[in-house]
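Take the sequence shown: its letters are residues 16 to 262, numbered as in the numbering used here.
Every residue, glycine too, gets a C-beta built ideally from N, C-alpha and C.
This report refers to the structure that appears directly beneath it.
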Amino acid sequence: MTVIDVTEDDFQVQVIDRSSELPVVVDFWAEWCGPCKALTPMLERAALTREGKVVLAKVDTDANPRISQAVGIQGIPAVKAFRDGAVVDEFVGAQPPATVERFFDALVPTEADELVAVGDEASLRQALALDPGRQDAALKLAAMLHRGGQGDEALEFLTSVSGSFQADGLAARIRLERADDIDVGDALRDIDAGEDESGVAALVLAMKAHPEHSDDLRRLVVAVLDLLGVEHPVAREGRRKLAAALY
């Protein structure tokens, strides 16, 4: 069942233990609480629309005072979300429907989330059809299309991704691979093989030899360094070389 009543006798099993299988949202309420009567139906609707993905457990705080004390309830309505036996999110007081929906959305993967997690081309395309704003899906699909030699379509998807070093770097790579007046093939093969130090060094040197491509070369280098992480020694040295080439 998606909506259940829970007492002190079965709280451990129905909430704590069960939350290892799927999220459990607990509605702490009381009969005399007016805001509870407004909030509970919204919680029930949100849980029912996510049938099989979340459980709503309703706890009468008057009838089960030990539970309220154990989890630190100081005012009602109070809502706590449990996952793997621990509280992962919560709020106190009546909330508008949109806030309740966002609360549940953060706990339960959407269909688009699940499709992105699958990660094959068909799933990514379907995720973008459901949610065109999914930049993570667009970037994954663009990378897949690039590997398959479909650069034009990859670039189309990358135009919808903003504020991403990886997206900017991939678009730059596609343009550089297509350019007739520069050859960065060896550098790219090094990077693809995990030889980032030599690959980055070659790209930085190319910036001096081909100033007309310096912006794309810089974007590609930044994407490689971003993927390595701030503390990686190759990234630290790469940033130094990039700064020297730019300034």
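By alpha-carbon distance to Ala-224, the top candidate from Glu-23, Val-115, Leu-261, Ala-78 is Leu-261. Taken atom to atom, the span from the alpha-carbon of Met-222 to that of Leu-232 is near 6 angstroms. A direct Cα-Cα distance of roughly 8 angstroms separates Gly-134 from Lys-155. DSSP places Ala-93 in the uninterrupted beta strand (DSSP E) bounded by 93 to 98.
In the structure shown, Leu-37 falls within a coil segment according to DSSP collapsed to helix, strand and coil. Ranked by Cα distance from Val-102, the first of Arg-33, Ala-142, Arg-60 is Arg-33. One Cα belongs to Pro-147, the other to Glu-136, and the distance between them is close to 15 angstroms. In this structure, DSSP gives Glu-105 an extended state, which the three-state scheme calls strand. Excluding five sequence positions before and after Pro-112, the CB atoms of its chain that fall closer than 7 angstroms to its own CB belong to Met-57, given in chain order. Here Gly-184 really is in contact with Val-237; their C-beta atoms are around 6 angstroms apart, less than 8 angstroms.
Contact fails between the region 241 to 257 and the region 190 to 198, because fewer than three Cβ pairs, one in each stretch, are under 8 angstroms apart.
Going by beta carbons, Arg-254 and Ala-187 fall outside the 8 angstroms limit.
The beta carbon of Gly-214 is closer than 6 angstroms to those of Ala-202, Asp-205, Ile-206 in its chain, skipping five residues each way along the sequence.
Under DSSP, Trp-47 shares a beta bridge with no residue. Beta-bridge partners assigned by DSSP to Lys-73: Asp-20, Asp-42. Under the DSSP assignment, Ala-132 falls in the alpha helix (DSSP H) whose first and last residues are 126 to 133.
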